[in-house]
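Participant: Below you will find the structure I want to go over with you.
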Amino acid sequence: MNAENTPVLIVGAGPVGLSLANELGWRKIPHIVVDEADGQVRFPAGENIFSRTMEHLRRWGLSQALRNGDAFPPDRPRNIGFATRLWGWPLALFEGSSNRGAADRNSPEGGLFYPRKAFDPALRGSAEAFGADLRYGCRLIFFDQDEGGVSCLIEDVNRGVRQTIRAGYVAACDGARSMVRKQLGVRLVGAFGEGANFAVYFRCPGLAARLDRMFGAPMAQVHTICDETRAYLTSVDGADEWRLSMYADLSNLPAPAEVVSRTIGADLPFEVFKAQPWTGHRVVAERYRVGRVFLAGDAAHLRWPKGGFGANTGIGDAVDLGWKLEAVLQGWAGDGLLDSYQAERRPIAVRNTNEAANNRVFDTMIQSNPLLDRDDQTGVESRMRMKEELIALRLREFVTPGIQLGYRYRDSPVCIDDGTLEPPDDHMLYHPSTWPGCRAPHIWLADGSSTLDLFGRGFVLVTSGAEVDSGRFQEVADDMSIPLAHHHLPGREAVDAYERALVLVRPDGHVCWRGDAVPHDIESLLATVTGRATAAGCRLESGT
């Protein structure tokens, strides 16, 4: 058979695969996506969409539609509550913003609470609008790569028909049981099976109103402390649909209806849609790239769902890989840029996977106490102490601007160290910085746009303060066929935020170089940040 050809084959059409399809489609890179399932989301999870993810969706033109969408009420606050048990004593309330009111001074896009059963179709529609070739019911059964590309054998799961697709590159977004990772022989390293869990997806009219009355505020999630399974409820649609999660013994799983009835009470009628067990891991792939094949999302890292790091980390993988594939396919970057994908994204996965595991450990440190249920002064004092303990140990899971916006690509071979100290790295606090590897800071511009709206199409040289003659920078970039634009930011706020007179920002919005004067060897600088040369031992200081 004659092989069909494509620059990129994406294996898996979950949120990570669909995000890579959006990134490539936005960049006008042709691609094919195959997924052996039918595209339906039958068990909702992963509602917490980080502000950094929303910045990517903003670039794709999706953020406002989701923010104002009806999959979750846009004005319903995403409050998190803790109680002794449902219909017991409230213990703590961590206030959250609504989808529509999630503005943040550090980002043009706050976070979002949006069920995956609506999120995936939104990503799919956007990818198709960009021209993605999505093929559901098709699975990759074998691949073989050589210096020129990857030959992939694809099977239609319904008809049994097979065809060959010849791809320049393959992106494995095929999940925890990744066939691609297994065929490559790439190991997951870390701790497997740290704990077992059981989750039930159900519908219960009236549960939301009762929880809201219990806490005196609209609730998006409620955790129990004195329930022996530590059951907690997460609102799926902000109305009648819920997901109940609990610690469990996989050898003796309970009946889903019994779990729901025991947790919410027998007087509330409900309907169970689906239940499933799952296991918490702390593992990351030892390699992200093997030749022309790349791992992303759950194919590359598995963690506890404590903090919402899963899909958000995977979508970050997709964006990092997407712009680098474009640069190499269009011929203005070297293969070293693709090597930097692992160097940049794997440490982020390790960081986020460990943070999720830490959240699980902190949760297990919260111990039930019979005094919490007493209706006297002893009970009041016990509940106050528990509130303080919850703030100390559990608030960190829900307040993560440092994780969301503050991650940086330290030791990246395509970011040039300027010899300065790395800024603080705190998961609960975000410190804006132009330290090479950091996300470029957001400030509002006079026309109502964000500095982040300047980034995406090629490199951007940002200048602030006094005007700098950057003409030579542009000339060298043009001679090297590297897409480069220049934007000058006036005003004190820009000078303070961008810290240096010149800041070079990559297509993904991360800083790759900064200085106070135009360097003499601009060609070496640009060769380094595009992967044409190595940054090892190379330090390009301003004016040197």
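The sequence shown begins at 1 in UniProt numbering and counts up by one.
Here a beta-carbon is modelled for each residue, glycine too, at the ideal position from N, C-alpha and C.
Keep in mind the model is a prediction, meaning the values are calculated, not measured.
(1) According to DSSP, is L454 part of a helix, a strand, or is it coil?
(2) Using the C-alpha atoms, what's the distance from I80 back to D317?
(3) Write down every uninterrupted run of the beta strand (DSSP E) in the stretch 43-85 whose length is 3 residues or greater and which is fully enclosed by it, in chain order.
(4) Please confirm whether V293 and L184 have their CB atoms less than 8 Å apart.
(5) DSSP on E541, reduced to helix/strand/coil?
(6) Count Cβ pairs between the stretch 265-273 and the stretch 135-153 that sit closer than 8 Å; are there 3 or more?
(7) Would you tell me roughly how many angstroms separate the C-alpha atoms of A71 and V189, rounded to the nearest one?
(8) Spell out the partners DSSP gives H223 in its beta bridges.
(9) Could you tell me the distance, in whole angstroms, from the CA atom of L393 to the CA atom of W278?
(10) Under DSSP, the alpha helix (DSSP H) around F473 begins and ends at which residues?
(11) If you drop the 5 nearest sequence neighbours on each side, which residues of the same chain put their C-beta closer than 6 Å to that of A357?
(12) Do S115 and N99 have their C-beta atoms within less than 8 Å of each other?
(13) Which same chain residues end up closer than 6 Å to W323 when comparing Cβ atoms and leaving out the 5 residues on each side of it in sequence?
(14) Express the C-alpha separation of I416 and R539 in angstroms, rounding to a whole number.
(15) Just the C-alpha distance for E4 and V476, rounded to the nearest angstrom, thanks.
(16) Can you check whether the CB of M246 is closer than 8 Å to the CB of W87?
(17) Taking 7 Å as the limit between beta carbons, can you name the residues of its chain near A239, skipping five residues before and five after?
(18) Is it buried or exposed, S449, if we count other Cβ atoms within 10 angstroms and call 16 or more buried?
(19) Taking T53 and I403 to be in contact with their CB atoms under 8 Å, please state how far apart those CB atoms are, rounded to whole angstroms.
(20) Taking 7 Å as the limit between beta carbons, can you name the residues of its chain near I165, skipping five residues before and five after?
(21) My understanding is that D373 touches W89, with C-beta atoms under 8 Å, so please give their C-beta distance in whole angstroms.
(22) On a CA-only basis, which of W435, E397, Y341 is nearest M428? Give me that one, please.
(23) Tell me which same chain residues have a C-beta within less than 7 Å of the C-beta of P218, skipping the five on either side of it?
(24) Can you list, in chain order, the residues of its chain with a C-beta nearer than 8 Å to that of Q342? Leave out the 5 residues immediately preceding and following it.
(25) Checking the sheet assignment: what are the DSSP bridge partners for residue 545?
(26) Counting only runs that start and end within the stretch 257-338, where is the beta strand (DSSP E) found for 3 or more residues in a row?
(27) Give the secondary structure of P370 by DSSP, where H, G and I count as helix, E and B as strand, and everything else as coil.
(28) What did DSSP end up calling A536 once you bin it into helix, strand or coil?
(29) What distance in whole Å lies between the Cβ atoms of R410 and G437, which are believed to be in contact at a cut-off of 8 Å?
(30) With DSSP as the reference, identify every bridge partner of L184, one or two as the case may be.
(31) Strictly by DSSP, which residues pair up with G190?
(32) Answer with buried or exposed for W26, where buried requires no fewer than 16 other C-beta atoms within 10 angstroms of its C-beta.
(33) I'd like to check one pair, V328 with L337: are the Cβ atoms closer than 8 Å?
(34) What residues are listed by DSSP as bridge partners for C138?
(35) Below 8 Å on the Cβ atoms is my guess for H487 versus V462; work out the distance and round it to an integer in Å.
(36) Which of the three DSSP states, helix, strand or coil, is assigned to T463?
Facilitator: Reading it off the structure:
(1) helix
(2) 28 Å
(3) 79-83
(4) yes
(5) A caution first: E541 carries a pLDDT of 39, below 50, which makes its placement in the model unreliable, though a value can still be read off. Here E541 sits in coil by DSSP.
(6) no
(7) 37 Å
(8) F82, Y232
(9) 24 Å
(10) 471-479
(11) R282, W304
(12) It should be pointed out that residue 115 corresponds to Pro in this sequence rather than to Ser. No, they are not a contact pair.
(13) P507, D508
(14) The predicted position of R539 is uncertain, since its pLDDT is 42 and thus under 50; no value can be drawn from it.
(15) 38 Å
(16) no
(17) A208
(18) exposed
(19) That belief does not hold up - the Cβ atoms of T53 and I403 are roughly 12 Å apart, past 8 Å.
(20) A3, E4, T6, L9, I32, C152, I154
(21) 7 Å
(22) E397
(23) R76, P77, N79, D212
(24) R287, Y288, R289
(25) Outside the displayed span of the chain (1 to 544) sits residue 545, for which this structure offers no information.
(26) 271-285, 293-295
(27) helix
(28) Here A536 scores only 42 on pLDDT, less than 50, and its place in the model is too uncertain to base an answer on.
(29) 5 Å
(30) In the DSSP output, where bridge partners are listed per residue, L184 has none listed.
(31) V283
(32) buried
(33) yes
(34) D156
(35) 6 Å
(36) strand
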